[in-house]
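In the numbering used here, the protein residues as written are 1 to 528. For reference, the structure discussed in these notes is given below.
Pasting the structure below:
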C-alpha cells in the first residue's frame, strides 16, 4: 500500500478503501468498499452515493487531499545523468506519524545506479509537505516551483539529497550571531586602519629577520626555507602585541610571543615550535636541550647543548620532516616535508603519540595553509554556535569564533602588507609520487630514473613488516648496490623503514634489532 492509500485508509476508518482511480476528467477518485465514490477535485470533494457523516475525517481534509495526491504522484522520480540513474522515492515514515499537525511525513530514499549496480544511497525522514503550504492560496505556484527544481536534477553533477524531495526546501539554519563582536573588536583595536598601522612594522621586522634565519637554516639543515615562515612569525608577533589575552584561555601570559601563541592556540589549537621560534627575540642563539629538563629528569650525557636538528623532533619523525607548529593533542605537529634538498618543501603533519604516520596537507605553502585552517575553523565554530541549545553550550564556540576572527584579521593585514613586497618563486619538487606509502612517510616523490621500490620493503598496509635480521641485512646490501648505480628509490624507502621506531631499533652493539616491547615514541627536544 503506498503513502496516499495509507493516508486515505487512516481517514476512512470503517469505510474501507477499495481502489484509487482517475476519472475521465482527470480527478483522483476513491472507490469505497462499502459502495460509493469520493472524487478529489481541486477546490472540493464530490461525494457520490456517500453520506458525509460516514467519512467525517476525509471531509475535514477537503481539497488538501487533491494537493497531497498531486505532490505524491510525482514519485518515484527517475533522473538520467549519463551512465547513471538516480531514483528518488517516498516511503512510509518510521519515526513520525504519516500525518501530524505539521504536515505530511515520508521516508525519502535517494539511490544512484550504474546499470543494475548500486553506487550510492541515502535514506532520511522528512516533513515533505507542510500544513501551511497545503492551506496557502498559492499552492499551484509552489508546486510549479518544485517542478522547476526537479527539472534541474538531470543537469546537475553533484549529489541529490533527500531534503530536495520536499515540496519546499528547508529554511536555512539561522546564522551564527555574536552581538558583542563590534564592541570587542573596537576594544582591542581591530579597525582596518589601526590594525594595518600596528602590523606593518612587525611584519617588516619578521621579513628583515628572514635572511638571518635562512642562513642559520642552511647551516643546520642544508635546505631551502620558504619565505612563508616569516608570515607565520609576523602573525604570532602581531597577536602578541594585542592589549588582551584571548578570553577565558587557560593561560594568560604577558604581551609578547607567549600571548601571540595563546591567541593562535585559542583559535586553531596551534602554537609555534621548532624553527618558527627562531624569529622570536634571541631565537637564533638558543640551544637545544633534552625536553626532560622540564621535569628535572635529565638523562646522563644529555644535558646539552644537543644537535640543533633535534629541535622539536619526535622519535618517529622521518628525517625529511622539520617542525614549525605544534598542535592540540596526541603529539600533533606540522612541519616542512622535503622531497628533495634542491627544491622547496611542502607541508605535512604527524600525530606522534597516535599512529605517528606522516601525511601531506592539502595546502603546500604556509600562507594558504593558514588561510584554509582559519576558514575551516570559523565554519566549525559557527556550526557549533548554531547547534548550541543554551548559554553554557554557546560559551566555547563563541569564544573560539572571536579568537578566529581576531587571527583572521591579523592574517589578512599581514598578507596585504606582504603582497606589496617583491617575492621569488619557490618551486616544490615536481617528481611523481609513488602509489604506496613508505613506512612513516607520505607517498614518496622519486626522481625519474631512480628505480623502483621493491614490493618486499615493508610499508603501510603491507601484510607483514616483521622482517628477520637476515632479511634486513640482505636488503641493505641490495639497496647499497642500487644506490651505487645511481638508483636511490630502494635505499630511500628502506631507510625510512629502518628509521621507523615502532619496527626497528639497534641493540647494544649497534646492530639492527626489533624494537623492544613497550617502547613507544620517545621524548621530543626543546630549545632553551
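For each residue, glycine too, the CB sits at the ideal point set by N, CA and C.
Contacting residues, own chain, Cβ-Cβ under 8 Å from residue i (five flanking each side not counted)
i, result
"residue 558", "No answer is possible for residue 558: it lies beyond the span of the chain, which begins at 1 and ends at 528."
"residue 582", "Nothing about residue 582 can be read from this structure; the chain reaches only from 1 to 528."
"residue 305", "287, 288 and 289"
"residue 449", "486 and 487"
"residue 5", "17 and 20"
Helix, strand or coil at residue i [DSSP, three-state]
i, result
"residue 136", "coil"
"residue 507", "For residue 507, the predicted structure reports a pLDDT of 42, less than 50, and the residue's modelled location is therefore unreliable. A value from the coordinates is still provided. Three-state result, residue 507: coil."
"residue 347", "strand"
"residue 96", "coil"
"residue 422", "coil"
"residue 18", "strand"
"residue 46", "strand"
"residue 554", "Absent from the model: residue 554. The displayed extent of the chain is 1 to 528, so no value can be given."
"residue 219", "helix"
"residue 75", "coil"
"residue 85", "strand"
"residue 358", "strand"
"residue 434", "coil"
"residue 468", "coil"
"residue 428", "strand"
"residue 445", "strand"
"residue 69", "helix"
"residue 309", "helix"
Reference residue i, options the options, closest by Cα
i, options, result
"residue 498", "469, 481 and 487", "469"
"residue 63", "134, 182, 408 and 367", "134"
"residue 401", "158, 495, 30 and 264", "264"
"residue 429", "489, 343, 23 and 491", "343"
"residue 44", "58, 141 and 74", "58"
"residue 204", "267, 163 and 413", "413"
"residue 490", "28, 388 and 456", "456"
"residue 91", "53, 102 and 76", "76"
"residue 125", "309, 96, 406 and 149", "96"
"residue 74", "130, 93, 36 and 3", "3"
"residue 270", "226, 359 and 374", "374"
DSSP bridge partner residues for residue i (one or two, in chain order)
i, result
"residue 211", "In DSSP, residue 211 forms no bridge with anything."
"residue 390", "The partner list for residue 390 (beta bridge, DSSP) is empty, contrary to what the question assumes."
"residue 122", "110"
"residue 62", "Bridge partners of residue 62: none, in fact."
"residue 39", "29 and 46"
"residue 333", "326 and 350"
"residue 410", "The partner list for residue 410 (beta bridge, DSSP) is empty, contrary to what the question assumes."
"residue 117", "114"
"residue 129", "104"
Own chain residues within Cβ distance below 6 Å of residue i, not counting five before or after
i, result
"residue 337", "320, 321, 345, 346 and 348"
"residue 519", "With a pLDDT of 39 at residue 519, under the threshold of 50, the predicted position of this residue should be treated as unreliable, and no value is reported."
"residue 13", "none"
"residue 9", "17"
"residue 190", "409"
"residue 372", "363"
"residue 399", "247 and 248"
"residue 103", "127, 129, 130 and 131"
"residue 66", "40 and 42"
"residue 266", "246, 249 and 403"
Residue i: CB within 6 Å of a non-hydrogen atom of the ligand COA
i, result
"residue 203", "Within the structure as shown, the ligand COA is missing, as the structure has no ligands at all."
Neighbourhood of residue i by C-beta, 7 Å cutoff - its chain only, sequence neighbours within 5 removed
i, result
"residue 11", "57, 58 and 61"
"residue 233", "206, 276 and 279"
"residue 256", "240"
Three CB pairs or more closer than 8 Å across the region 246-258 and the region 288-305: no
Segment contact, 8 Å Cβ cut-off, at least three pairs: the region 207-225 with the region 170-186: no
The region 37-49 / the region 111-129 touching (three or more Cβ pairs under 8 Å): no
At least 3 beta-carbon pairs within less than 8 Å: the region 474-485 vs the region 415-430: no
The region 321-331 / the region 348-362 touching (three or more Cβ pairs under 8 Å): yes
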